[in-house]
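This report refers to the structure that appears directly beneath it.
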Amino acid sequence: MSLEKLKALPPVSEMMRDAGLEPKKQFGQNFLFDLNLTGRIARSVPDIERSTVVEVGPGPAGLTRALLIAGAKQVIAIEKDKTTKPILDRIVEASDGCLTVIYEDALKVDFAKLGVKEYALCSNLPYNVGTELLTRWLTRAAKGEQIKSMTLMFQREVAQRIVAKCGDTQYGRLSVLTSLIADSKILFDVPNTAFVPRPKVQSAVVSVIPNKEKIKHIPDIEKIEKITAKLFGQRRKMIRGIIPGVAWANFGLAGTERAEDLSPETFAQLARYLV
805 MSLEKLKALP PVSEMMRDAG LEPKKQFGQN FLFDLNLTGR IARSVPDIER STVVEVGPGP
865 AGLTRALLIA GAKQVIAIEK DKTTKPILDR IVEASDGCLT VIYEDALKVD FAKLGVKEYA
925 LCSNLPYNVG TELLTRWLTR AAKGEQIKSM TLMFQREVAQ RIVAKCGDTQ YGRLSVLTSL
985 IADSKILFDV PNTAFVPRPK VQSAVVSVIP NKEKIKHIPD IEKIEKITAK LFGQRRKMIR
1045 GIIPGVAWAN FGLAGTERAE DLSPETFAQL ARYLV
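Per our numbering, the very first residue in the sequence shown carries number 805; after that it's consecutive.
Take a look at the structure:
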C-alpha cells in the first residue's frame, strides 16, 4: 500500500465539501476531522500491523485513513449511508486493495461471513446503535467468534457503564456482560469540540479485549443475557420479588439484594442454575 497516495488526499472536510456530504441525524453521525485524534485511536488498536480491522460507520473516512496509515493489514468498512461512496471510493483507490467497503446496515451484517478468520474492531460508533452493536459483538466473542480486540468510541456515559464495577453508580447489565467476557478500560476522553456537528455530550475511547479464559468459565451466553435482562429490567426491586421461590441462601444471598448489588460472578452462577 502506498502511504504517499493516502497522505496526498485532500483533508476530510474538503472531500466532504466536494461531495456535498452533510452529517445525517437519522444515522447518528458525528464526524471526526482531527488527524491527531483519529491517528491516536488507530494506534490504540493492538497489533494493528497484523490485523484485519473492521470499522462500522466510516462516514467520510477520517478514521479509515488513520487505520490504513497506522499500518492495518486490511480494513473492512461497513457503511449504511451510501452518499459517502464518492469519498470512500477515493480512499479505496488510494489504499491499493487494502480497503473493502460494504454498504449495509451493520446490525444486519453477519460478521462471521466477512471472509476473515479473526479481526479487530475499531469504530467511532454511531450513538444510536453503539450499545446494541457492542452487546452483539460480546455475544459473538462468547460463542467463539475470533474477535481479537475492540477499540471503540462511545458517549462517555456509555463508556463508564462498560467498565463499571459492582458498587459503581454506572454498574448495569452492560457492565456484567463485558466483565464476564472481556477485559475493558477507558483509554482516553474525547471532547465534544472534536466532532462535526458538535454533540451535547463528551465521548471516550474504550478498549474491550475478549478473554478466552473468562469465556471458558461462563455458562451459555443466552442464559446470562436472560438473567441480566430480567433482574436489571426491574433494578429497584429485590431479587426475591422478581424470581420467587428460590433458596437464595444456596447462592450466598439473602434475596433482599437488588441487581446492582450482584457481582458479575454471581450473575454467572444464577444463570447456570436458574435459567
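The beta carbon of each residue, even a glycine, is placed where N, CA and C say it ideally should be.
Computed from a predicted model, the values in this text were never measured in an experiment.
Within its chain, find whatever has a CB closer than 6 Å to the CB of Arg-821; leave out the 5 residues flanking it on each side and keep chain order. none
Among Lys-1004, Asn-1015, Ile-1047 and His-1021, whose alpha-carbon lies nearest the alpha-carbon of Ala-1033? Ile-1047
With a Cβ-Cβ cutoff of 8 Å, do Leu-984 and Ala-898 count as a contact? no
Quick one: is Leu-991 near chain D, going by C-beta distance under 8 Å? In the structure shown, chain D cannot be found, because there is only a single protein chain.
Mapping the DSSP letters down to three states, classify Tyr-975 as helix, strand or coil. coil
To the nearest angstrom, how far is it from the Cα of Ile-990 to the Cα of Ala-846? 15 Å
Whether Asp-987 touches Ala-1008 by CB criterion (8 Å): no
Applying the 10 Å Cβ sphere with the 16-neighbour rule, what's the burial state of Glu-1029? buried
Alpha carbon to alpha carbon, how far is Thr-1060 from Lys-884? Give it in angstroms, no decimals. 46 Å
Check each candidate in Ala-881, Val-816, Val-857 and Lys-828 and name the one with the smallest Cα separation from Asn-840. Val-816
Taking three-plus beta-carbon pairs below 8 Å as touching, is the region 943 to 957 in contact with the region 914 to 931? yes
Simplified DSSP assignment, three categories, for Phe-1055: helix
Let me know the alpha helix (DSSP H) ranges lying completely inside the region 870 to 934, each 4 residues or longer, listed in chain order. 889 to 898
Whether Pro-862 touches Leu-892 by CB criterion (8 Å): yes
Here's the rule: buried if 16 or more other CB atoms are within 10 angstroms of the residue's CB, otherwise exposed. What is Gly-934? buried
Any contact between the region 996 to 1005 and the region 1019 to 1028? By contact I mean 3 or more CB pairs, one from each, below 8 Å. no
Use the C-beta contact count for Leu-981: other C-beta atoms within 10 angstroms, 16 or more gives buried, fewer gives exposed. buried
So which of Leu-925, Arg-944 and Thr-997 has the shortest CA-CA distance to Lys-1016? Arg-944
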